[in-house]
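Here is the structure we will look at, set down as structure tokens.
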Amino acid sequence: MERCPKCGYRGLLVDNVTGEIVCASCGYVVREKMEDNKPEWRAFTKEEGEDRSRVGAPTSLAMHDMGLSTVMGMRDASGKALAGASRSAADRLRVWDKRSQGSADRNLRQALVELDMLADKLSLSKNIAERAAYVYRKVLEKGLVRGRSIDTLITASLYAACRSSETPRTLKDAALVSGIKRKDIAKAYRLILKELDLKVPVTDPVKSVTGIAARAGISERTTRRAMEILKSAIAAGASAGKAPTGLAATSLYLACVLEGERKTQKDIAEAAGVTEVTIRNRYRGLKAILNGV
DNA sequence: TAAGATAAGAGGGACAT
DNA sequence: ATGTCAGTCTTATCTTA
4 MERCPKCGYR GLLVDNVTGE IVCASCGYVV REKMEDNKPE WRAFTKEEGE
54 DRSRVGAPTS LAMHDMGLST VMGMRDASGK ALAGASRSAA DRLRVWDKRS
104 QGSADRNLRQ ALVELDMLAD KLSLSKNIAE RAAYVYRKVL EKGLVRGRSI
154 DTLITASLYA ACRSSETPRT LKDAALVSGI KRKDIAKAYR LILKELDLKV
204 PVTDPVKSVT GIAARAGISE RTTRRAMEIL KSAIAAGASA GKAPTGLAAT
254 SLYLACVLEG ERKTQKDIAE AAGVTEVTIR NRYRGLKAIL NGV
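Number 185 in the working numbering belongs to position 182 of the first sequence; there are no gaps in the numbering.
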């Protein structure tokens, strides 16, 4: 275990966004960039400590799920089981306290507590949460908090982290777990993108298909068919300006019809978080394209 | 009962002023 | 900065097969 050259503390950890390796106690930046993928640093939590191979590896579906189950397990236990989570929050706080100094302390503390809760409710991995914390730190540095609610900004930061890592979570999801209005989150999110000059990839509807299919109980075979439909629709330029989840949901509906799987528009609309009307509207355009193929 | 149609309203982007 | 415009999505209600 490597020590911090400045204070001698044995807890080094990595900033998942910048790749910096920093001391958990004093915040000293030990190395600017990761030199390799070996997980030689200390993990944030007990759970991660027991599964270090996960740290720093590229995210995959399987790994995401694995992270998810450990996080949930921790939360499901009552009372003192939460100590792990609070401690990890406290650890992070120590680092960022040192970095940001002074008046932002209380702000950060409150934001990180909220962030932990939101990430947990949205079943997001530690990586995403760390990324959100990084975004929020930048928000603080830019002084964007003045006159705005901490909860709104941290929620928007988390949403931004999801978007930039192509993790399919909607504004609606975020609004639901945070109790903040969708439009307020959206407004803060846009502000963050602009002020931090953040570039997020355009949401790929294909990524949403699997999740919706799972929630609606649609078969593997039909799901694959839906993806093919969706891809050709995108190739034909039918996706411009349309909500990604609406497209994904409609492809699934179309695939169900073609495969003879009996799902109603309502079933799929509910699973996707869009209305039946949206599905119908997309349905028209999508069918036209499919006929040409 | 599921699916299609219609209408009113909200929110945000593009563009011009 | 502010206003208009076109387009999307949502909610609600009614009609059709």
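We put the beta carbon where it would ideally sit given N, CA and C, even for glycine.
So Gly220 is in the alpha helix (DSSP H); what residue range does that whole segment cover?
Walking along the first sequence from the start, residue 220 turns up at place 217. Premise fails: Gly220 is in no alpha helix (DSSP H) and is neither H nor E.
When you compare the CB positions of Ile157 and Ala122, do they come within less than 8 Å of one another, or not?
Within the first sequence, numbered from 1, the residue matching residue 157 stands at position 154. Within the first sequence, numbered from 1, the residue matching residue 122 stands at position 119. No.
Would the beta-carbon of Ser211 fall within 8 Å of that of Ala251?
Position 208 of the first sequence, counted from the start, is the residue given in the question as residue 211. Position 248 of the first sequence, counted from the start, is the residue given in the question as residue 251. Yes; because the gap between Cβ atoms is below 8 Å, this pair is in contact.
Among Lys186, Asp119, Leu201 and Lys124, which has the Cα closest to the Cα of Val142?
Mapped onto the first sequence, residue 142 falls at position 139. Considering only alpha carbons, the answer is Leu201.
Inter-stretch contact (C-beta, 8 Å, three-pair minimum) for the stretch 214-222 and the stretch 267-276
yes
Quick check on this structure: which residue in Thr248, Leu289, Gly263 and Tyr256 has the alpha carbon closest to the alpha carbon of Arg277?
Taking the first residue of the first sequence as 1, we reach residue 277 at position 274. In the sequence on display, residue 277 carries Val and not Arg. Nearest of Thr248, Leu289, Gly263 and Tyr256 to Val277, Cα basis: Thr248.
Ordered along the chain, which non-local residues of its own chain (more than five positions away) have a Cβ less than 6 Å from that of Arg1?
Residue 1 falls outside the range modelled here, since the chain spans only 4 to 296, and no answer is possible.
Between the beta-carbon of Met230 and the beta-carbon of Val260, is there less than 8 Å?
As a first step, residue 230 must be located in the first sequence, where it is residue number 227. As a first step, residue 260 must be located in the first sequence, where it is residue number 257. Against a cut-off of 8 Å, the Cβ pair of Val260 and Met230 comes out as no contact.
Going by DSSP in three states, Thr155 sits in which element: helix, strand or coil?
Counted from its first residue, the first sequence places residue 155 at position 152. Helix, per DSSP.
Coil, strand or helix - Gly276 by DSSP:
Locating residue 276 in the first sequence gives position 273, where the first residue counts as 1. Three-state DSSP puts Gly276 in coil, outside helix and strand.
Mapping the DSSP letters down to three states, classify Val260 as helix, strand or coil.
Here residue 260 is taken as the residue at index 257 of the first sequence, counted from 1. Three-state result, Val260: helix.
Taking all protein chains shown into account, do 16 or more other C-beta atoms lie within 10 angstroms of the C-beta of Lys290, making it buried, or fewer, making it exposed?
One-based indexing of the first sequence puts residue 290 at position 287. Burial state of Lys290 is exposed, judged by a 10 Å Cβ sphere holding fewer than 16 other Cβ atoms.
Cutoff 7 Å; reference Asp154; Cβ partners in own chain excluding five residues on either side
Within the first sequence, numbered from 1, the residue matching residue 154 stands at position 151. These residues qualify, in order along the chain: Glu117, Ser181 and Ile183.
Where Leu233 and Gln268 are concerned, what is the direct C-alpha to C-alpha distance, given to the nearest angstrom?
In the first sequence, the residue the question calls residue 233 occupies position 230. In the first sequence, the residue the question calls residue 268 occupies position 265. Their Cα atoms are separated by approximately 17 Å.
Other residues of its chain near Ile282: CB distance less than 6 Å, five sequence neighbours each side excluded
Indexing the first sequence from 1 puts residue 282 at position 279. So the list reads Ala252, Thr253, Tyr256, Gln268 and Ala272, once near-sequence residues are dropped.
Nonlocal neighbours in the same chain, by C-beta distance under 7 Å from Arg285, ignoring five residues either side
Taking the first residue of the first sequence as position 1, residue 285 is located at position 282. Excluding sequence neighbours, Arg285 sits near Lys245, Gly249, Leu250 and Thr253.
Taking a contact to mean a Cβ-Cβ separation below 8 Å, would you say Leu196 touches Ala163 in this structure?
The sequence position of residue 196 within the first sequence is 193, counting from 1. The sequence position of residue 163 within the first sequence is 160, counting from 1. For Leu196 and Ala163, yes; Cβs fall inside 8 Å.
Runs of alpha helix (DSSP H) lying entirely within the stretch 183-216, each at least 4 residues, in chain order:
185-198
Go ahead and pull the three-state DSSP assignment for Leu121.
The count along the first sequence starts at 1 and reaches residue 121 at position 118. The answer is helix: DSSP assigns Leu121 an H, G or I state.
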